[in-house]
Structure formats: C-alpha cells, structure tokens
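Student: Chains as they are written, first to last, in my numbering: chain A, 651 to 872; chain B, 651 to 872.
Beta carbons: idealized from backbone N, C-alpha and C, even for Gly.
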C-alpha cells in the first residue's frame, strides 16, 4: 500500500495562467483554504521549514502539504512521518509550477477539511517567480550560506513575495552574511515585504513566522 | 569609461541547439580555447570558485570569464578586480544559457589569445542541465549547506556533468552532510564523474581541481 500519493504533473494547456490562478484562488476562498507558495534555491531548507511550521500550527489548524520536485519522494516522506496529509508532485523536467499544475496537486490532495495548504515549489530562484500558482500569499527562503548578494541577482523573486524567511540564521557566524544589507536590498525592491530571520533547525524565530501565518489564515476565512 | 563589458543577451533564434553547440565547440577547438561551463544553485560559491581557479592558473594560462546573471554586475566586478578579462552577461528573465547565447558572450569577450574560458552559468539546478552551451567540459558545484540529498532531487544536472565540486567543505562539521552518500548517489547516476571536495574560501582541495583543468586544457590543444 502506498503511503502517500505521487502525481506526475502534466504540462498546462491554458495560455492565460493569471486567469487560472484567480479562478483557483476564488475556489480556495469559498472553501476557506489558505494556500501558501513557498519558494527558494535548492537546499535553503524549505522542507525543514515546512516541518517546523507544521509543528507550530498542527494542534490548531488542519494542514496539507504539496511537495513539488523534479524527481524523488524524500520530502513527501519526511512530511508524511509527521502524520500530516501530503502528496508528492513530480514536475519531470519543469522548473516551476503554474496555476493549473497547482490545481492538479490541490485536487490530488483533497482539501475539504483543510484550512492551510503549503505548496513547496521546485528549488529555483528564477522560473517560479514568473508564475502565479493561485496561492493566497507567496513566501521565499534565503539561507545564510547562499550569501547576502542574492537580492541583487534574483530581483524578480525578491520583489514578488510577501514574506522573506532568512533561514539557517544559527550559522551566521560561519559565513560573511550581512542581515542589514539584505534588509536594505530587499525592502528597496519590495517595501511591503515581511522579513523573519529563522532557524528551521533550532526553531529560532519560527514563532514569529507562525504568528504571521495564524493572522493571515484567519483573515482569509473572514 | 566602462571597466568591463555588459551584454544584454538576446534569445536564440535557432531551433537546433545541439548543432549550434557542436559548431561553437569546433571553432573553439580551432582557436585552441577550452570552454568550461560551471553550474550550480544560487549561492553555492561559483564566483569564489572562479576566483580561486584564476589564482591557481593565471601565471601559466590566459583566462577569460563570462559571468551570466539575470541581473547585476557584482560577479564581473569581483573577477575584474583580479585583472582577468571578463564580461557580464544579463539573461533578463532567462534561466539558462544555450549555445547561441554563449556565442554572444564568447564574441563579446574576444578569445584570440585566450586558452581557457570559464562560463559561470545562471544559478539554477534545473534549466541549465538541459542545454548544451558548446562547452568542452561541464562542471557543477554542490555546496555542503545545500544538503546531501540534492542528487536525488536534481538527477539530470548530476548525470550531465563531467566534474562535481563539493564546495564549502570547511563547514561540514556544522551541517548534516554525508560526503560518502553524495559520492554513492552521484556515481550511480554518472559513473564516470570526477568529484573534488573543495573550499573556495580556504583554498582546500583547489589544487586537485586545478590539476584536472591543466590536463584537460592541454589535451584540448593537442
């Protein structure tokens, strides 16, 4: 018996992704389900952050997770072990998810009694920034070892998201990473952005992030 | 006066990228110029590795560098400060380089008296794996903080390259990273691959990598 569903995502046939995204968002609103699109480079700690977020919220909120990857099921396996409903999406060679691909995931997961769906997007700072997935809010992770110059190099991603999580903050003493420079570069691109330094490994800062989510999930239901 | 050239790369008009790549490689061969395509996630240390490689080889080999990024000139600036010939390529939103885009860079750089060109590709583990740039050899960097599971998630990239540099090896004690597991996962995908653990920060392991390059650059000229 398979422990969690694995879906091989099909390429979208719709030309107007924005319209599909708005349609998905309306349906999520009617269902009272908040969809978060979580993006980052490979290895920034998306899955660890998902696990910490589940730990912080699972007693009060029904959570579902969509794990997107080119290949492999290791992330869905890690989430499955927490007892949270999860499915793995395989994108084949595709470097991002659009709204129709996200819909395939949402339908595969089933969201009847789910308040909060986390979509862990493909690890990539370029392509996912260009596609509205239908998410209510978009978040990205920049991890300390990646360096504080990333907002200069991948400006579209930093300008599109509602939240920036600066992860692996527990390793800041081992790397040349200027958090204030990141704040300055990011708010210049995106003045309204929320920034939370966290460590998905130690749990540092996760409560502030969880509080932001509580507020947004509640607001979406109203 | 501009210190180094910045080129806004145009999208290719050629449908058959493999043919364009073979054509570029033949021309490089005639010119005795070895082109290395260096790929990785954002923040794995491509530019630091380029700087260490220049330091190891500049007294014996004429080097040129193509720095590709969505935006910003910070990497070309860093290379320029070493006195090495460099140009910055801006890809706009494009997440990879193909052979025709690489040709625009090679022509912008000028390679008459250049033995070795390093192409620092866009930071991305997905798209660049799908396009032959015309390079003689392909290398990728996996940095320790990204985690040892990356070969499972981005198998195409790991299966396509000739060399894997495992960078930031000086930080291995701060992260859960199993180098032997990486070796096993990568050689399963790509039995002929060369693997060099390095630290582009401390210089550890760089000499083995430089020796491999010396041998390959020499062989290409014969």
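Just by C-beta distance, which residues in the region 689–717 of chain A are closer than 7 Å to chain B?
Tutor: Listed by position, the residues of the region 689–717 of chain A near chain B (Cβ gap below 7 Å) are 691, 692 and 693.
Student: So with CB distances below 9 Å, who are the chain B contacts of residue 793 of chain A?
Tutor: Those are 693, 795 and 796, listed as they occur along chain B.
Student: Where in the region 691–717 of chain A do unbroken runs of the alpha helix (DSSP H), each at least 4 residues long, occur, reported from the N-terminal end onward?
Tutor: 696–707, all fully within the region 691–717 of chain A.
Student: Give the residues of chain B in contact with residue 721 of chain A, contact being defined as C-beta atoms less than 9 Å apart.
Tutor: Per Cβ cutoff of 9 Å: 802, 803, 804, 805 and 806.
Student: Could I get the ranges of all uninterrupted alpha helix (DSSP H) runs contained in the region 735–801 of chain A, with 4 residues as the minimum, in chain order?
Tutor: Here the runs fully enclosed are 749–759.
Student: Along chain B, in chain order, which residues have C-beta atoms closer than 9 Å to that of residue 783 of chain A?
Tutor: Per Cβ cutoff of 9 Å: no residues; residue 783 of chain A is ~17 Å from chain B at best.
Student: Against chain B, which members of the region 809–824 of chain A pass a CB distance test of less than 9 Å?
Tutor: Cβ contacts with chain B: 818, 820, 821 and 824.
Student: Determine the closest residue to residue 871 of chain A out of A:826, A:711 and A:799, with distance taken between C-alpha atoms.
Tutor: When each option's Cα is compared against that of residue 871 of chain A, the closest is A:711.
Student: Taking just the CA atoms, how far does residue 760 of chain A sit from residue 651 of chain A?
Tutor: Only weak support exists for where residue 651 of chain A lies, its pLDDT of 36 falling under 50; the value from the coordinates is given anyway. Approximately 19 Å, taken between the alpha carbons.
Student: List, in chain order, every chain A residue whose beta-carbon is nearer than 8 Å to that of residue 799 of chain B.
Tutor: By Cβ distance, chain A contributes 722 and 724.
Student: Given that residue 775 of chain B touches chain A, what residues does it touch there, using C-beta distances under 7 Å?
Tutor: Near residue 775 of chain B (Cβ distances below 7 Å), the residues of chain A are 692 and 773.
Student: In chain order, what residues of the same chain lie with their CB nearer than 6 Å to the CB of residue 755 of chain B, ignoring the 5 residues before and after it?
Tutor: 716 and 739, listed in sequence order.
Student: Identify the contact partners of residue 780 of chain A in chain B, using a Cβ-Cβ distance below 7 Å as the criterion.
Tutor: The answer, in chain order, is 743.
Student: Could you pull the start and end residues of the beta strand (DSSP E) that residue 847 of chain B belongs to?
Tutor: Where residue 847 of chain B is concerned, the enclosing beta strand (DSSP E) stretches over 844–847.
Student: List the endpoints of the continuous beta strand (DSSP E) containing residue 851 of chain B.
Tutor: Residue 851 of chain B -> no beta strand (DSSP E), and no H or E assigned at all.
Student: Check this for me: beta carbons of residue 790 of chain A and residue 769 of chain A, under 7 Å apart or not?
Tutor: It is not a contact, given that the beta carbons lie outside the stated cut-off.
Student: For the alpha helix (DSSP H) holding residue 817 of chain A, just list the boundary residues, first then last.
Tutor: Note, residue 817 of chain A: premise wrong, no alpha helix (DSSP H); beta strand (DSSP E) at 813–817.
Student: Pick out whichever of A:794, A:850 and A:818 has its Cα sitting closest to the Cα of residue 826 of chain A.
Tutor: If we check each option's Cα against that of residue 826 of chain A, A:794 comes out closest.
Student: Please go through the same chain and pick out, in chain order, the residues whose beta-carbon is closer than 7 Å to the beta-carbon of residue 664 of chain B, but skip the five residues on each side of it.
Tutor: Closer than 7 Å at the Cβ level, and outside the excluded window around residue 664 of chain B, lie 670 and 750.
Student: If residue 772 of chain B sits next to residue 776 of chain A, beta carbons under 8 Å apart, how far is it from one beta carbon to the other, in whole angstroms?
Tutor: The Cβ separation is near 7 Å, so the contact holds.
Student: Strictly by DSSP, which residues pair up with residue 719 of chain B?
Tutor: Partner(s): B:740.
Student: Can you tell me which of the three DSSP states residue 651 of chain A falls into?
Tutor: Note that residue 651 of chain A scores 36 on pLDDT, short of 50, meaning its location in the model is unreliable and no value can be drawn from it.
Student: Quick one: measure Cβ to Cβ for residue 810 of chain B and residue 779 of chain B, integer angstroms, because I've assumed they're closer than 8 Å.
Tutor: Going by Cβ atoms, the distance from residue 810 of chain B to residue 779 of chain B rounds to 5 Å, so yes, they are a contact pair.
Student: So, is residue 702 of chain A buried or exposed, given that buried needs 16 or more other C-beta atoms within 10 angstroms?
Tutor: The residue in question, residue 702 of chain A, is buried, as its Cβ has 16 or more Cβ neighbours within 10 Å.
Student: Please classify residue 808 of chain A: does DSSP put it in a helix, a strand, or coil?
Tutor: Here residue 808 of chain A sits in helix by DSSP.
Student: To the nearest angstrom, how far is the alpha carbon of residue 784 of chain B from that of residue 817 of chain A?
Tutor: Using only the alpha carbons, I get a separation of about 37 Å.
Student: Could you tell me the distance, in whole angstroms, from the CA atom of residue 746 of chain A to the CA atom of residue 757 of chain A?
Tutor: If I take the Cα positions, the gap works out to 18 Å.
Student: Near residue 721 of chain A, what residues of its chain come up, given a Cβ to Cβ distance below 7 Å and the 5 sequence neighbours on each side ignored?
Tutor: For residue 721 of chain A, where only same-chain residues beyond five positions count, the Cβ hits under 7 Å are 740.
Student: Let me check one thing: in DSSP terms, what residues is residue 657 of chain B bridge-paired to?
Tutor: Residue 657 of chain B is bridged to B:739.
Student: Pull up the DSSP beta-bridge partners for residue 685 of chain A, would you.
Tutor: Beta-bridge pairing links residue 685 of chain A to A:767.
Student: I'd like the list of long-range same chain contacts for residue 850 of chain A, defined as Cβ closer than 6 Å, with 5 residues on each side in sequence excluded.
Tutor: The residues are 695, 698, 699, 702 and 817.
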